[in-house]
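Notes follow once the structure below has been shown.
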Amino acid sequence: AAPDAPDIIPDQCSVTNNTITLCWMPRKQSCIESYLVEIDDGNGGSFVEVYRGNSLECTVQGLQFDSTYRARVKGINKSGEGGPSDEVYLTTSDSEY
1 AAPDAPDIIP DQCSVTNNTI TLCWMPRKQS CIESYLVEID DGNGGSFVEV
51 YRGNSLECTV QGLQFDSTYR ARVKGINKSG EGGPSDEVYL TTSDSEY
């Protein structure tokens, strides 16, 4: 079966200027081979893949300033992609300093 959705750890997610960092952990007993991170365009648009790999964190740089991005994580195993995690909302800074 495809894996259960990972759990995003909101306390460990962060925003610095126009860079966001997401952290997550697998649910117990999930047989996950890799993770897929998706974010939207900061305007409520559709999700796009920004990371695929084995790490439990992902940093996305070069985003728009003063925008709120939705992000989610999926687990992948040989059965395919699991469902997405709960979405987390991350708002980038107003402007460069």
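Okay, so the sequence shown: first residue is 1 according to the UniProt record's numbering, each after it adds one. Where a beta carbon is used, it is the ideal one built from N, C-alpha and C, also for glycine.
When secondary structure is reduced to three states using DSSP, Asp41 falls in the coil class, being assigned neither helix nor strand. A Cβ-Cβ separation of about 5 Å places Asn18 in contact with Thr92 under the 8 Å criterion. Under the three-state reduction of DSSP output, Asp7 falls in the strand class.
Between Ser79 and the set Val60, Cys31, Leu63 and Ser46, the nearest pair of CA atoms involves Cys31. Pro26 is a Cβ neighbour of Pro3, given a cutoff of 9 Å. In the DSSP assignment, Cys23 is bridged to Glu57.
Excluding five sequence positions before and after Leu63, the CB atoms of its chain that fall closer than 6 Å to its own CB belong to Asn18 and Thr92, given in chain order. Approximately 7 Å separates the beta-carbon atoms of Tyr35 and Ile76; this is inside 8 Å, confirming the contact.
One Cα belongs to Thr68, the other to Glu87, and the distance between them is close to 12 Å.
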